[in-house]
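Written out below as structure tokens is the structure these notes cover.
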Amino acid sequence: MTRRDVITGIDIGTSNIRVIVGEIMTDGNVNIIGVGTSPSEGIKKGIIIDLERTVDSITKATAEAERMAGSKIENVYAGIVGSHVSLVNNRGVVAVTRDDKEITELDVERVLQAARVIALPQEKEIIDVIPKEYIVDGYDGIRDPVGMLGVRLEVEAMVLTGTITSLRNLLRCIGMAGFEVNALVLNSLANGETCLSRDEKELGVFLIDLGGGTTEISLFQQGGLKDISVLPIGGDHITNDLAVGLRTTFQLAERIKIEYGSAVPEPSSVKKEIEIEGISGKEIRTISSDDLFTYIEPRIIETMQLCYQEINRMSFSKLPPGGVVLTGGVSLMRGLPELAESVFGCSVRLAQPEYLGVKSPIYSTAVGMIHYASRNKTIRKIGKKQESREGLFAVTWRRIKSFFADIWE
Ligand SMILES: Nc1ncnc2c1ncn2[C@@H]1O[C@H](COP(=O)(O)OP(=O)(O)OP(=O)(O)O)[C@@H](O)[C@H]1O
Ligand SMILES: [Mg+2]
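Laid out in structure tokens, this is it:
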């Protein structure tokens with residue numbers, strides 16, 4: 000099988016920046032040929048707070064991925080956190096203008112314009128309007144109404160609004176690190192590629208990405224993304240609780256959490272004694288690994304309860320048939336699925352990419368970006384000539400807009 004393309008995905012997370020280089024084969028299969036990770040410096044709760052440190056982290060992670068792939072990375076797909084994007088469903092209605100009642104492109108433009116009328120908070124701007132279906136004289140489910148006959152044209156659309164400044168900062172960091180951004184991929188959509196089956200997406204499922212600084216909840220139904228919600232909590236909170244509770248540094252608390260942490264009590268046979276250094280580095284104490292659970296469990300229960308509130312808000316009364324799927328670094332915590340099941344009252348599945356070398360839920364987003372980009376080729380249509388006449392931001396912004404237009408088709 001020969002290579003068709005090479006795609007790079009960058010997941011700029013709160014804890015780590017992960018770069019994955021994927022080789023797309025002619026049969027559509029993906030081989031992972033490069034992986035790079037660098038601790039995230041300069042990101043808080045999914046938002047860039049320090050440009051230079053973020054650029055440094057991007058440079059380190061991409062250099063590592065380049066070394067492994069044995070080739071230079073030039074352009075990338077980057078993830079955006081759902082907190083930067085809001086989805087609002089809206090309907091637009093217009094009367095068909097032509098005397099012979101044939102619907103024209105102008106009518107479609109007008110009806111999409113009508114769907115843009117929503118109440119907007121000051122800091123948000125409309126990024127785009129994505130038509131989900133058109134309705135002609137009451138007949139729904141129409142994908143392209145141009146050329147049809149009708150009197151009344153309606154559109155059921157999803158309006159995407161974004162905090163423009165955060166998106167600009169993201170593009171800027173990647174540009175400063177020397178890479179061109181092909182398109183931005185909503186993290187939820189990337190995770191959906193890695194973690195969910197077609198059936199789950201069709202029947203309805205909640206996907207929860209438990210990250211370091213954010214917890215992203217996405218509802219998929221009828222084959223597509225229906226709703227997202229981002230909570231500004233994550234694994235860093237657990238580390239913080241441990242650092243305060245054990246009176247030690249954040250770094251040591253993080254190490255202890257990953258090595259010995261558990262969301263459920265340890266069976267007595269596996270209990271261990273752990274030595275802890277105080278903040279000053281002098282005092283050394285010993286605790287039992289079982290003590291960690293008393294700090295970790297309440298925070299995880301709280302996080303799951305907050306997720307459950309969001310789930311109830313999004314799905315109204317009952318959980319969809321696909322239940323809940325978990326991914327992201329925190330999902331590796333021992334005993335977490337059991338705890339999640341007891342809070343949600345349904346079965347919970349863990350999901351991760353199934354490729355050698357990236358078989359971990361920490362890679363779900365970056366790997367998903369490669370799948371998403373390889374399946375949605377339309378997002379890479381823009382030619383080089385056009386780019387030289389426009390600024391980088393204008394080009395990328397246009398790409399993002401055309402990309403989003405493909406998402407909720
Ligand atoms: N084995 C483990 N047990 C418990 N927690 C873990 C484990 N491995 C990683 N984590 C935690 O997962 C978090 C990082 O997860 P992930 O890499 O998915 O986050 P991120 O993508 O960088 O952040 P975000 O998505 O919030 O922007 C950290 O808080 C880390 O401590
Ligand atoms: Mg993440």
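Per this note's numbering, the very first residue in the sequence shown carries number 0; after that it's consecutive.
Note that the Cβ used here is the ideal one computed from N, Cα and C, for glycine as well.
Note that the coordinates shown come from a computational prediction; the quantities given were computed from them, not determined experimentally.
Name the DSSP bridge partner or partners of residue i?
i	result
Ser-363	BP columns for Ser-363 are empty, so no partner.
Asn-89	Ala-156
Leu-230	Thr-214
Gln-220	Gly-223
Ser-261	Arg-333
Met-24	Arg-2
Arg-151	Ala-94
Val-30	The sequence given here has Asn at residue 30, not Val. Answer is Glu-22.
Asn-168	DSSP lists no partner for Asn-168.
Phe-205	Leu-218, Val-323
Arg-312	Partner(s): none; Arg-312 has no beta bridge.
Asp-10	Arg-17
Ile-117	Partner(s): none; Ile-117 has no beta bridge.
Thr-302	According to DSSP, Thr-302 bridges with nothing at all.
Thr-162	Answer by DSSP bridge pairing: none, since Thr-162 is not bridged.
Asn-74	Glu-179
Thinking residue i and residue j are a contact (beta carbons under 8 Å), I'd like their distance in whole angstroms, please.
i	j	result
Leu-50	Ile-227	Leu-50 to Ile-227, Cβ: 26 Å. No contact.
Leu-291	Ile-257	Not really, about 11 Å apart at Cβ, beyond 8 Å.
Arg-17	Thr-36	5 Å
Ala-182	Thr-61	The pair is not a contact, with the Cβ atoms about 17 Å apart (cut-off 8 Å).
Can you name, in chain order, every residue of its own chain whose Cβ lies under 6 Å from the Cβ of residue i, other than the five neighbours on each side?
i	result
Gly-4	The sequence as given places Asp at residue 4; Gly does not occur at that position. So the list reads Ile-23, once near-sequence residues are dropped.
Thr-364	Asp-10, Gly-78, Asn-186, Ala-189, Asn-190
Gly-21	Ile-6, Val-29, Ile-31, Ile-369
Lys-200	Phe-219, Gly-222
Gly-321	Glu-199, Leu-202, Gly-203, Val-204
Lys-380	At Lys-380, the pLDDT of 35 sits below 50, so the modelled position is not reliable and the matter cannot be decided from this model.
Ala-262	Ile-295, Glu-296, Ile-299, Met-332, Gly-334, Leu-335, Leu-338
Arg-374	none
With a threshold of 7 Å (Cβ to nearest heavy atom), would residue i be considered close to ligand 4?
i	result
Thr-103	No copy of ligand 4 occurs in the structure displayed; its ligands are ligand 1 and ligand 2 alone.
Are residue i and residue j touching if we call contact CB-CB under 8 Å?
i	j	result
Val-34	Phe-178	no
Ile-409	Thr-247	In the structure as shown, the chain starts at 0 and stops at 408, and residue 409 therefore has no counterpart that could be examined.
Leu-305	Ser-330	no
Thr-326	Leu-202	no
Ile-57	Cys-172	yes
Glu-65	Ile-72	yes
Val-110	Val-154	yes
Val-135	Ile-163	no
Pro-319	Val-204	yes
Leu-152	Val-93	yes
Pro-352	Thr-160	no
Apart from the five residues on each side of it in sequence, which residues of its chain come closer than 8 Å, Cβ to Cβ, to residue i?
i	result
Leu-355	Ile-31
Val-229	Gly-45, Val-80, Gly-81, Ser-82, Thr-213, Thr-214, Glu-215, Ile-216
Gly-210	Gly-12, Thr-13, Ser-14, Gly-45, Gly-233, Gly-234, Gly-327, Gly-328, Val-329
Ser-287	Lys-270, Lys-271, Glu-272, Ile-273
Near residue i, what residues of its chain come up, given a Cβ to Cβ distance below 7 Å and the 5 sequence neighbours on each side ignored?
i	result
Lys-44	Thr-13, Gly-212, Thr-213, Pro-231
Asn-89	Ala-114, Ile-117, Ala-156, Val-158
Ala-252	Thr-238, Leu-241, Ala-242, Leu-245
Gly-140	Glu-132
Thr-302	Thr-214, Ile-232
Ser-314	Leu-218
Val-409	Because the chain is modelled from 0 through 408, residue 409 falls outside the range shown and cannot be assessed.
Can you check whether the C-beta of residue i is within less than 8 Å of a C-beta belonging to chain B?
i	result
Ile-32	Included in the structure is just one protein chain, with no chain B present.
Q. Around ligand 1, what residues have a beta-carbon under 5 Å from a heavy atom of it, in chain order?
A. Gly-12, Thr-13, Ser-14, Asn-15, Gly-45, Gly-210, Gly-211, Gly-212, Thr-213, Gly-233, Gly-234, Ile-257, Gly-327, Gly-328, Val-329, Leu-331, Met-332, Ile-361
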